[in-house]
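>
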Amino acid sequence: MRRSALLATLALGATAAPATAHEGNPDFESLVTRTPDVPGLRVQVVNGDDSLQLVDDGLEQTVVVVGYEDEPYVRFRPGGVVEVNRSSTATYLNTERYDGADVPDGIDPKAAPRWKAVARNGRFVFHDHRIHWMNEQDPPKIADRSKRQKVFDWKVPLRAGSRDATIDGTLFWRGSSAEAPVAAYVVGGVLILGSIMLVPLVRRRRRRAAAETGPREEAW
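According to mature numbering (1 follows the signal peptide of the UniProt record, and there is no 0), the residues represented by the sequence shown are -21 to -1, 1 to 199, in order.
1. Could you pull out every residue in the same chain whose Cβ sits closer than 6 angstroms to the Cβ of V165, ignoring the five residues on either side in sequence?
2. Tell me the DSSP secondary structure of Y71 in three-state form.
3. Return the CA-CA distance between L38 and Q32, expressed in angstroms with no decimal places.
4. Residues in its own chain within less than 6 angstroms of I121 by CB, not counting five upstream and five downstream?
5. Could you tell me the boundaries of the beta strand (DSSP E) in which G148 lies?
6. Are the beta-carbon atoms of D147 and S30 separated by less than 8 angstroms?
7. When the Cα atoms are used, what is the spatial distance from T12 to R54?
8. With distance defined between alpha-carbon atoms, name the residue in N26, V22, T14, L20 nearest to P5.
9. Looking only at C-alpha atoms, which of V130, E115, S141, T14 sits nearest to G79?
10. Roughly how many angstroms lie between the CA atoms of N64 and Y52, to the nearest whole one?
11. Give me, in chain order, the residues of the same chain whose beta-carbon lies closer than 8 angstroms to that of A90; leave out the 5 immediate sequence neighbours on both sides.
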């Protein structure tokens, strides 16, 4: 079953078709604007607007990412162990970018967590529907596609030890102005790569020329 159409598509009113997860939409950019005050936790958005990456950089307490129904979803334990709750609906809903994932029968987010280790290096990347636009159609508020503009603010709740915390962020419509810097980076990268490849070629030619002429005899 689908979990109530992804909980009414997270109250964003989307009616999009299924899509492959973990592919960011290049028209959007999601940014973390405030990281939680949790020593040893690093947070960033990866793949534009698609996923969150959390890193244990010396955690001294357990940190839990809260799912869509206030259930424990991902758990980071001090020492680098990362676990996913198989009783969390988010575990299944996050396999698709939009409202296309089925939650297996019998999954109850209110049940006792069933933890499964997914990493032991303290690093985990997961898709989260709260940080992106849940529709393949543009947001209605985007009147001018060429201008960068805010779509909405978002929050992803955490529990750090015994206290609550949040990751705060903002989703932006990039606008057509974002295309120019990308093109510039591509051209710049090609030029740099070309110059790197040219250096050994020039050196080989110089060595070949020196070998053909041989050492010069002294005049005295």
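Don't be surprised by glycine CBs; every beta carbon is placed ideally from N, CA and C.
So, to answer that:
1. The residue given as residue 165 occupies position 186 in the sequence shown. Its pLDDT being 48, under 50, V165 is placed unreliably in this model, and the value from its coordinates should be taken loosely. Excluding positions up to five away in sequence, the list is empty.
2. If you number the sequence shown from 1, residue 71 lands on position 92. It is helical.
3. Here the question's residue 38 lines up with position 59 in the sequence shown. Here the question's residue 32 lines up with position 53 in the sequence shown. It is roughly 15 angstroms from the alpha-carbon of L38 to the alpha-carbon of Q32.
4. The residue you call residue 121 lines up with position 142 of the sequence shown. If you ignore the 5 residues before and after I121, its C-beta comes within less than 6 angstroms of the C-beta of W152, all in its own chain and listed in chain order.
5. Taking the first residue of the sequence shown as 1, we reach residue 148 at position 169. According to the DSSP assignment, G148 belongs to the beta strand (DSSP E) that extends over 142 to 152.
6. Mapped onto the sequence shown, residue 147 falls at position 168. Mapped onto the sequence shown, residue 30 falls at position 51. Cβ distance not < 8 angstroms, so D147 and S30 don't count as in contact.
7. Looking up residue 12 in the sequence shown gives position 33. Looking up residue 54 in the sequence shown gives position 75. Those two C-alpha atoms are separated by around 22 angstroms.
8. As a position in the sequence shown, residue 5 is number 26, starting the count at 1. Of the listed residues, the one whose Cα sits closest to P5 is N26.
9. Translated into positions along the sequence shown, residue 79 becomes position 100. If we check each option's Cα against that of G79, E115 comes out closest.
10. Mapped onto the sequence shown, residue 64 falls at position 85. Mapped onto the sequence shown, residue 52 falls at position 73. Straight-line Cα distance between these residues: approximately 5 angstroms.
11. Counted from its first residue, the sequence shown places residue 90 at position 111. Result list for A90: S66, in chain order.
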